[in-house]
Amino acid sequence: MLDIKYIRDNQNEVEQALLKRIDKKNLDLNKILKLDDQRREIIVKVDELKAERNKFSKTKPDAKTIKAMKKLGEDIKVLDRDLNSAEATLNEVLAALPNIPADDVVAGGKENNKIIKTFGEQTKFDFEPKNHVDLATDLGLIDYERAAKMSGAGFWTYVGDGALLEWALLNYFIDFHRSHPEYRFMIPPYMLNENSAYISGHLPKFKDDLFWAEKDKLCFNATSEMMLGNYHAGEMINRKDLPLKYYAFSTCFRREAGAYRTEERGMIRGHQFNKIEMFQFTLPEESWAAFDELLDYGEKLVEGLGLHYNTVQLAAGDCSAAMAKTIDLEVWIPSMKGYKEVSSVSNALDYQARRGNIRFKDVDNKNKFLHTLNASGLATSRVFPAILEQNQQADGSVLIPKVLQKYMGKKVLKK
RNA sequence: GGAGAGGUGGCAGAGUGGUUGAAUGCGGCACCCUGCUAAGGUGUUAUUCCGUUUAUUCGGGAUCGAGGGUUCGAAUCCCUCCCUCUCCGCCA
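First residue of the first sequence? That's 55 in this note's numbering, and the numbers climb one at a time after it.
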């Protein structure tokens with residue numbers, strides 16, 4: 055959520071910045087400011103009437119005044135209703151506006167994304183490489199068929215060494231984060247209520263992409279970012295307690311309605327996957343340094359596995375709406391001849407904090423919104439296939455990355 | 001799921017229809033005093049919106065879990081919902 059006052063005072067700058075990420079035809083700040091004018095007009099009127107009423111409500115009024123006040127009360131009620139609907143309308147259009155992109159974020163969509171770092175190189179095979187679905191099936195790591203039988207397409211079951219590899223990855227991630235003790239480990243609930251999903255910015259936009267427990271009005275989290283962002287919602291954080299750094303494990307659930315393409319079968323895009331998420335609540339002046347830290351940690355995690363990946367700075371139009379800047383880590387999947395996101399490092403500035411009303415008392419004694427950042431650290435569902443495909447051998451076996459060997463008690467996955 | 005109790009300022013805790021944004025205590029902050037200083041005194045101490053001013057200020061509105069209602073007037077009465085606690089039931 056952007057600050058209406060800021061838009062009021064900086065209409066041109068806001069407009070220019072937003073045009074980097076959305077189409078002119080979808081942007082009408084004049085309409086928003088007009089709604090704001092209407093809102094404030096009503097406030098002035100209704101406040102005047104209420105002041106009048108309050109004058110007489112301090113003591114017992116006489117019969118004549120009571121009659122007059124009754125009329126006044128009715129007028130107030132009407133104006134209050136007008137005000138409520140004016141505010142609701144304004145909020146709706148305001149909430150639909152995306153965040154203002156950071157200065158160094160270029161305009162345009164996906165086509166303007168830029169690789170800013172490459173680690174390793176594309177694997178050269180002197181044999182016909184398999185895709186990860188065949189590898190996982192042949193090695194007995196993943197059972198797609200029985201998972202589909204139990205739960206439907208888009209689910210899979212980790213089996214034997216497959217389950218151990220998944221577990222090893224999570225342990226590797228967690229051990230890495232444990233070496234930074236200022237980060238606290240969290241295991242949040244995996245279901246959340248509508249209000250929380252709204253605050254995290256996933257409602258109303260992603261309503262159809264979430265799984266719902268209709269009867270209980272709860273949805274399954276699609277990323278623990280939804281939970282971590284809400285963790286301090288409505289709170290006033292002590293300045294000296296900032297930054298607050300967390301990493302959380304959660305299983306994530308996504309309907310991925312209509313998202314399937316044949317090349318994305320297997321584990322690339324599923325209804326359920328595991329992820330460790332990093333999250334920070336910071337002082338405004340410190341959020342870009344925090345961003346660099348999160349990016350560094352994400353990169354180290356992928357590099358530790360020895361996987362070839364690119365660091366990609368997203369153009370404004372490709373960042374999700376709440377984010378001022380996003381850098382993706384994309385790992386090489388040989389069979390797809392493409393790179394798939396394993397981590398997304400983002401700074402929301404005060405956009406999420408405003409929505410969730412998360413503030414701190416600053417040195418000037420004013421309450422201000424803090425900044426929120428998140429980054430995967432990491433999602434296993436893209437790393438797992440990358441390991442299988444990048445590390446496969448001519449005989450169909452797969453070398454286990456060195457850092458995972460101690461969790462698995464072996465160095466190779468074979469039949 | 002049933003029955004009961006409760007949700008008030010940073011915390012504890014008064015307040016059951018009218019100068020109550022809210023007593024009192026604790027905590028915080030500022031100043032003062034004091035040669036027994038981990039003491040004493042005085043003052044101050046919520047958020048947010050609108051208007052005005054824009055270094056500052058001033059005027060007004062709203063907020064006692066949330067939303068609605070009754071009333072000239074609601075922290076206080078009524079309804080719905082959420083949450084906490086106690087007891088009972090259920091518990092793959």
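Note that CB positions come from ideal geometry on N, CA and C, so glycine has one too.
Cβ distance (whole Å) where A369 is taken to contact N166 below 8 Å = The residue you call residue 369 lines up with position 315 of the first sequence. The residue you call residue 166 lines up with position 112 of the first sequence. About 4 Å separates the two Cβ atoms, so the contact holds.
message = In chain order, what are the residue ranges of uninterrupted beta strand (DSSP E) at least 3 long that sit wholly in the region 308 to 383?
response = 326 to 336 and 363 to 367
message = Just verifying my parser: in three-state terms, what is the DSSP assignment at D418?
response = As a first step, residue 418 is located in the first sequence; it is residue number 364 there, counting from the start. Coil, per DSSP.
query = Nearest CA to the CA of Q367: which residue from T172, N328 and K391?
reply = Here residue 367 corresponds to residue number 313 of the first sequence, with the count starting at 1. That would be T172, whose Cα lies nearest to the Cα of Q367.
task = Please go through the same chain and pick out, in chain order, the residues whose beta-carbon is closer than 6 Å to the beta-carbon of V452, but skip the five residues on each side of it.
result = For the purposes of this step, residue 452 is identified with residue 398 of the first sequence, where counting begins at 1. Excluding sequence neighbours, V452 sits near L442, N445, Q446 and L467.
key: Candidates T380, N66 and E289: closest to A344 by CA position   = Numbered from 1 along the first sequence, position 290 holds the residue referred to as residue 344. Minimum Cα distance to A344 is reached at T380.
ask   = Can you tell which of Y244, R232, I291 and L72 has the C-alpha that lies nearest to the C-alpha of G163?
value = Here residue 163 is taken as the residue at index 109 of the first sequence, counted from 1. Checked all of Y244, R232, I291 and L72; the closest Cα to G163 is L72.
task = Indicate whether the contact test is met: 3 or more Cβ pairs, each with one atom in the region 284 to 292 and one in the region 222 to 237, closer than 8 Å.
result = no
ask   = If you drop the 5 nearest sequence neighbours on each side, which residues of the same chain put their C-beta closer than 6 Å to that of E236?
value = Start at 1 with the first residue of the first sequence, and residue 236 comes out as number 182. These residues qualify, in order along the chain: K299.
key: Cβ separation of N328 and E395, assumed to be a contact under 8 Å, to the nearest whole Å   = In the first sequence, counting from the first residue as 1, residue 328 sits at position 274. In the first sequence, counting from the first residue as 1, residue 395 sits at position 341. Going by Cβ atoms, the distance from N328 to E395 rounds to 15 Å, so no, they are not a contact pair.
ask   = According to DSSP, is R293 helix, strand or coil?
value = The count along the first sequence starts at 1 and reaches residue 293 at position 239. DSSP places R293 in helix when its eight states are reduced to three.
inquiry  = So for H256, helix, strand or coil by DSSP?
reply    = The residue you call residue 256 lines up with position 202 of the first sequence. In the structure shown, H256 sits in coil (DSSP, three-state: anything other than H, G, I, E or B).
message = Less than 7 Å between the beta carbons of A402 and L424, yes or no?
response = Working through the first sequence from its first residue, we reach residue 402 at position 348. Working through the first sequence from its first residue, we reach residue 424 at position 370. No.
query = Where do the ends of the beta strand (DSSP E) carrying R238 lie?
reply = Along the first sequence, read from residue 1 onward, the residue named residue 238 stands at position 184. Unbroken beta strand (DSSP E) run through R238: Y237 to M240.
key: Residue range of the unbroken beta strand (DSSP E) whose run includes T426   = By one-based count along the first sequence, residue 426 stands at place 372. From DSSP, the beta strand (DSSP E) with T426 extends over H425 to A433.
query = DSSP on T305, reduced to helix/strand/coil?
reply = Within the first sequence, numbered from 1, the residue matching residue 305 stands at position 251. Here T305 sits in strand by DSSP.
ask   = Based on the DSSP output, what are the partners of S397 in its beta bridges?
value = As a position in the first sequence, residue 397 is number 343, starting the count at 1. Beta-bridge pairing links S397 to L383.
message = Quick check on DSSP: helix, strand or coil for K171?
response = Start at 1 with the first residue of the first sequence, and residue 171 comes out as number 117. It is a strand residue.
query = Considering only residues of the same chain and omitting the five flanking positions on each side of E357, which have a CB-CB separation below 6 Å?
reply = As a first step, residue 357 must be located in the first sequence, where it is residue number 303. Within the same chain, E357 has close Cβ partners F173.
query = Alpha carbon to alpha carbon, how far is I253 from R409?
reply = Translated into the one-based positions of the first sequence, residue 253 becomes position 199. Translated into the one-based positions of the first sequence, residue 409 becomes position 355. Rounded to the nearest angstrom, the two C-alpha atoms are 6 Å apart.
query = Does the Cβ of V417 have 16 or more other Cβ atoms within 10 Å, making it buried, or fewer, making it exposed?
reply = The sequence position of residue 417 within the first sequence is 363, counting from 1. Exposed, by the Cβ-count rule.
request  = Could you tell me whether the Cβ atoms of Y363 and E384 are closer together than 7 Å?
outcome  = On the first sequence, residue 363 is found 309 positions in, with the first residue counted as 1. On the first sequence, residue 384 is found 330 positions in, with the first residue counted as 1. Taking 7 Å as the Cβ cut-off, Y363 and E384 qualify as a contacting pair.
query = DSSP puts M245 in a beta bridge; with which residues?
reply = Here the question's residue 245 lines up with position 191 in the first sequence. Per DSSP, F274.
request  = State the DSSP-derived secondary structure class of L298, mapped to helix, strand or coil.
outcome  = Mapped onto the first sequence, residue 298 falls at position 244. In this structure, L298 counts as strand in the three-state DSSP scheme.
Residue span of the alpha helix (DSSP H) that contains F110, given as start and end = Numbered from 1 along the first sequence, position 56 holds the residue referred to as residue 110. Element bounds for F110: L83 to S111.
task = Grab the span of the alpha helix (DSSP H) containing W221 for me, first residue to last.
result = Looking up residue 221 in the first sequence gives position 167. Where W221 is concerned, the enclosing alpha helix (DSSP H) stretches over D215 to R232.
ask   = Hey, would you say I86 sits closer than 7 Å to V132, going by beta carbons?
value = Reading the first sequence from its first residue, position 32 is the one you call residue 86. Reading the first sequence from its first residue, position 78 is the one you call residue 132. Cβ atoms of I86 and V132: not closer than 7 Å.
ask   = Is DSSP giving D77 helix, strand or coil here?
value = Locating residue 77 in the first sequence gives position 23, where the first residue counts as 1. Here D77 sits in coil by DSSP.
task = Leaving aside the five residues before and after L296 along the sequence, list all residues of the same chain whose C-beta is less than 7 Å from its C-beta, in chain order.
result = Taking the first sequence and counting its residues from 1, one reaches residue 296 at position 242. Answer for L296: F335, T336, L337, F414 and L424, listed in chain order.
query = Hey, would you say E331 sits closer than 7 Å to S278, going by beta carbons?
reply = What you label residue 331 is simply residue 277 of the first sequence in a count that begins at 1. What you label residue 278 is simply residue 224 of the first sequence in a count that begins at 1. Going by C-beta atoms, E331 is nearer than 7 Å to S278.
query = DSSP on I196, reduced to helix/strand/coil?
reply = As a first step, residue 196 is located in the first sequence; it is residue number 142 there, counting from the start. I196: strand per DSSP, three-state reduction.
inquiry  = Using the Cβ count rule (16 or more neighbours within 10 Å means buried), how would you classify E347?
reply    = In the first sequence, the residue the question calls residue 347 occupies position 293. By the 10 Å Cβ count, E347 comes out buried.
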